[in-house]
Amino acid sequence: MADTAAEQTEKRGHVPAPWWAELGTWGSVALIVIGAVAAVWVWLRLPGAPEELASGYYQAARIVAIGLVTVGCTLVGRRRARADAVDGAGEQERG
4 MADTAAEQTE
14 KRGHVPAPWW
24 AELGTWGSVA
34 LIVIGAVAAV
44 WVWLRLPGAP
54 EELASGYYQA
64 ARIVAIGLVT
74 VGCTLVGRRR
84 ARADAVDGAG
94 EQERG
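This is the structure in structure tokens:
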């Protein structure tokens with residue numbers, strides 16, 4: 004029985020990532036802009052805006068929040084990679 008359990012886990016492959024995982028910096032900025040446009044759309048009560056304004060603002064805020072988190076994570080990751088590269092170059096010069 005242990006053999007079949009091991010075989011099943013190998014067949015699964017990788018876990019699918021969320022749709023926003025590979026956006027990058029510009030994709031995240033685009034999400035922030037789209038969320039802001041959606042909030043203005045609801046504020047102006049243009050066609051297609053929900054009857055309850057709070058739900059429209061909530062959806063727009065979710066889009067902006069996802070954009071802000073992904074752009075922050077992308078920029079922090081780049082900064083860490085750059086700092087690691089500088090530290091690695093400094094160690095090679097010393098050695």
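Numbered according to my numbering, the sequence shown spans residues 4 to 98.
No residue lacks a Cβ here, since even glycine has one placed at the ideal position from N, Cα and C.
Assumed close pair residue i, residue j - CB separation to whole angstroms, cut-off 8 Å
i	j	result
Ala41	Ile66	6 Å
Pro53	Gly59	5 Å
Thr28	Leu71	That belief does not hold up - the Cβ atoms of Thr28 and Leu71 are roughly 12 Å apart, past 8 Å.
Same chain, Cβ closer than 6 Å to residue i, five either side skipped, listed in chain order
i	result
Leu26	Thr73
Gln62	none
Outcome for residue i when other beta-carbon atoms lying within 10 angstroms are tallied against a minimum of 16
i	result
Val45	buried
Leu47	exposed
Contacts around residue i, its chain only, beta-carbon distance under 7 Å, and the 5 residues preceding and following it disregarded
i	result
Arg85	none
Trp22	none
Ile37	Ile66
Ala24	none
Ala39	Val67
Proximity winner among the options, relative to residue i (alpha-carbon distances)
i	options	result
Ala64	Pro19, His17, Val18 and Ile35	Ile35
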